[in-house]
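Have a look at the structure below before the remarks.
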Amino acid sequence: MKTTSITIAALLASAAEVAFAAPSSCNADDCLKAVRHLPGRSGGSRAFCAKYLTPTNAPIPTKLPRNVADHCKDQHNAVAPLRVSSACGCIAQATHTPTLPPRAPTPTGNSTVPTGKVNNPIAPAPAGKANAHACAQISALWAQQKKKKIDVPVVPAALAYDCLNTVPLGKDEAIKLVDAIEPYLEWQSDAAFKKDPPKDYAYPGFDMFANLAKVKSNLQAGKYASEYEFQIDLYKQVWAPGQDGHYVFYPDLISKAFKFKRQSLPLVSISEDGTSLPQIKLQQEVVANAKTAQAITKINGVDAAQYLEDTVNAASLLQDADAAYNTMFWSKANAAAADPSVSSGFGTFVAGGRSAIFYHGPTTSLTFANGTTVVLDNLADVVGDMAGVTDGPSMYKQFCTSKPVAPGSASPARSSSLTGYPTPEISTQDGTVTGYYLKGQGLDDVAVIVISSFGPSSTVEFQAVVMDFLSECKDAGKKKLVVDFQNNGGGALMLGYDFFRQLFPKTVQEGNSRWKLSKSHLETARVVSDMVKDINPTSDGDSDLVELSETWLNFRHDMNITNNNFLAFPDKFSPHALKGTDYSALMRFNLSDPIATNNPVHGIGIDITGYGSLTEQPQYFQPEDIIVLYDGSCSSTCTSAGEFLRHQAGVKSIAMGGRPKPGLIQGIGGVKGFQSLTFNDVHGFVTLAAQNTKDEKALAEFSRFTTLPMERSTASSLNVRDQILRENIDDGIPAQFIYEPSDCRLFWTAPMISDVTEIWKAAANAAFNGAKCAYGGIAGSKPGRRSEASPKARGLMRPARLSETVDKTVVKHSSLWEARHMQVAIP
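So the sequence shown is residues -21 to -1, 1 to 806, counted in mature numbering (1 follows the signal peptide of the UniProt record, and there is no 0).
Given below as structure tokens:
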């Protein structure tokens, strides 16, 4: 069969979603006729569409049969992927059991913009049950799809929303839940600043305690008609406004049953020339033909950029509006790092993120610059067990009855190479560190190190791979380094310290932090400090007490900001009042403590570079020869490493993307809080303290903490320790609220959608070769720079790498260890 040379990207949708996308009438236009009459009768068309609609993390170009390419074009005579996918939707609809709803017709040409009130009939139930309850219909659809081995069944969003609204309010239990949440909120370190943020902070202030009290008042006054109304208001009032990757609470009904999403048509934000403000387009159309890809001007009748901004700002894990905006789009970094159990990698406009709890209506309309509007049904993943669910009351029983969340399955093992990235020069086994060399004019002496996460399977290997790569860069004659922190959500905090010190082994980092001294926190610290007063961590045989002695709750642990030990409990825990809140003294890690560092049980199994056995490490790059590349998602541990590079070493940075508005933007857009604890962590600490004290006032305080919030949620976490930058030691404003624009802003362009090296090259050229930034610039960047690498002569055999000799055994740690060391943003 002859095919045209034109290639297009496959529609990123599953077979179940295709049925939802099929037009209600499936009128036989020329495109549909061409697809239907592929050789092999219906088998030929089904085979083509099955290949065309195969879901992937990155588009795989699919050659179109000539007849399809000739008859599926837009008004500009270019292949129209949406027409092909719509035709395949009709093929799928004709060959599948019609248990899924028709979608609104897809207008063409200069059609009117939908108002968002498109008629969207409820999905028909299995035969004989057309009038079944919405929840019963979902239960039946869930069972059907499970029989077909579909891991995550999909139903129409409108049907899921109808089901949720029938779940009766458990008023008394809801009031108990609100009361049980309050003591945990008292551990949130920056509550006073969330209530009254600095004027240049991107988001409005909110009072979490007052809002929680308002929700309770609404419950008592009978203002909620359903459990769904209560839970969604609790989330909107108390948690969503936090814009904090460490601060989250997902109530059970709205997170255990469904996750709302859109059709798998990821968006991209690209600039036509790298300097003009970016436009929103379909990723698959940009990959197919960037020149003919149409800009999306409106979504649901609203300016497209404004719609995306409003949607993500309703609930985001990032503290910066431009960074949050970026998360709505597909990118190479997002797709490479996607964990299928958490995110599609398509961008949160399609699925995932904290707004996945919100219902976005029955349909989404996309209006293009040429006047064309398409309307797509919205969907819901059924993430809960719907067995036995027949109506609202059975939904309540299934999802709202204080059942602890079952442990999820382990995430799939990560590859040593990142999906869609070139083959690295070196890599950890899990791909958390990968190294590359660039080629081209002005780039031959440029290396790239990608740190996709600080949460590797082996901390020992992570450190060794970074060491090996930096050393090999020198041997290969590399003089410039791009540090890529795109999509880095954090990890082991001390690995952030080590990475900084590997780049600057003689520069002592600060890392100032402090705790909010709630009554329960202060009393817990008092009890723990007494419990471990006679513990010698280097020789004591009680592992649990040694672990406890290594926490911040022990006043002897950590150092003050002059890098000396705290000598007494008041030195560390005497209150320092600010904004009506008591805080601890500022403190820093003691990286000379071998129990906290190289001990494989209590520490992270390595000496931190600059300490212990690693005090004489070489420095391979000067600050002016390093550039840090951000997409705004850098969070938690990543922000600590980024702040060290910026403030202690003076390294410049580049931020990608952002809203289509002029000016510089922040690179570090994620949570800048220093430490998070889950509700379970907090409960564990106060329970331990309660078991080891007879103080009645302390016991009364500890008794307020119950397991109810954990039983009624799928995730619950707090930011419990603030990071305080050097410039804010006097005013006490947490780093979370400090606006720090990058030195240079670049926009994504069409070539970057298919080739991540185009991003690195643009960053390197802006940083080192005098190329212009869209906004800002890098001082010292010189046009026409000679970039010949001068590799060090070596024998035929490459020397053995340190990373090939170290023990990579994965060490399993306790939950207390996790609480001490692992700091990540929660999606």
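Beta carbons are placed, not taken as given, at the ideal position from N, Cα and C, and that holds for glycine.
- For Met374, DSSP assigns no beta-bridge partner whatsoever.
- By the Cβ-count criterion, Gly759 is exposed, with fewer than 16 other Cβ atoms from all chains shown falling within 10 Å of its own Cβ.
- Counted as a single uninterrupted DSSP element, the stretch harbouring Trp796 is not any beta strand (DSSP E) but the alpha helix (DSSP H) occupying residues 794 to 800.
- Contact between Glu440 and Val785 holds: their C-beta atoms lie close to 6 Å from each other, under 8 Å.
- Rounded to whole angstroms, Lys558 and Phe172 show a C-alpha spacing of 8 Å.
- Relative to the Cα of Gly469, the nearest Cα in the group Ala742, Leu297, Ile587, Asp289 belongs to Leu297.
- Contact between the segment 733 to 752 and the segment 655 to 675 is absent: fewer than three C-beta pairs spanning the two stretches fall below 8 Å.
- If you check the CB distance, Leu397 and Ala315 come in under 8 Å.
- Judged by DSSP secondary structure, Ile233 falls within the alpha helix (DSSP H) whose first and last residues are 231 to 235.
- Contact between Leu355 and Ile278 fails: their C-beta atoms lie close to 11 Å from each other, not under 8 Å.
- Cβ-Cβ distances below 7 Å link Gly23 to Leu17 in the same chain, with the five nearest sequence neighbours on each side left out; the list follows chain order.
- Cβ neighbours of Asp252 within its own chain (closer than 6 Å, five residues either side excluded): none.
- The closest CA to that of Leu527, considering only Pro220, Pro183, Ser793, is found on Ser793.
- Boundaries of the alpha helix (DSSP H) harbouring Leu687: 687 to 690, taken from the DSSP string.
- When C-alpha distances from Thr672 are compared across Trp309, Glu502, Leu422, Leu570, the shortest belongs to Glu502.
- The Cβ atoms of Lys791 and Asp722 lie no closer than 8 Å to each other.
- In the three-state reduction of the DSSP assignment, Met566 falls in the strand class.
- In chain order, Thr413, Asp463 place their CB closer than 6 Å to the CB of Val429, counting only its own chain and leaving out the 5 sequence neighbours on each side.
- Secondary structure remark: continuous alpha helix (DSSP H) runs of at least 4 residues inside the segment 721 to 792, in chain order: 729 to 733, 735 to 747, 781 to 784.
- Listed in chain order, the beta strand (DSSP E) runs fully inside the segment 106 to 158 are 133 to 135, counting runs of at least 3 residues.
- The criterion of a C-beta distance shorter than 8 Å is not satisfied by Ser250 and Trp739.
- With contacts defined as CB atoms closer than 8 Å, Ser655 and Asn698 qualify as a contacting pair.
- Linking Pro341 to Ala359 through their CA atoms gives a straight-line distance of about 10 Å.
- Going by beta carbons, Gln216 and Leu232 fall outside the 8 Å limit.
- Between Gly367 and Cys142, the alpha-carbon positions lie close to 14 Å from each other.
- Put simply, of Leu256, Phe684, Val607 the residue whose alpha carbon is nearest the alpha carbon of Ala745 is Val607.
- With distances taken between CA atoms, Leu474 lies nearest to Thr411 out of Thr411, Asp454, Lys458, Asn190.
- With contacts defined by Cβ atoms closer than 8 Å, Thr343 and Gly326 do not form a contacting pair.
- The beta carbon of Asn491 is closer than 8 Å to those of Ile540, Leu565, Met566, Arg567, Gln702, Ile703, Leu704, Arg705, Ile708 in its chain, skipping five residues each way along the sequence.
- DSSP places Phe347 inside the beta strand (DSSP E), whose first and last residues are 342 to 347.
- Bounds of the alpha helix (DSSP H) holding Met446 are 438 to 454.
- Note that the segment 140 to 154 touches the segment 363 to 381; at least 3 beta-carbon pairs, one per stretch, sit closer than 8 Å.
- Between the alpha carbons of Pro516 and Ala668 lies a gap of roughly 20 Å.
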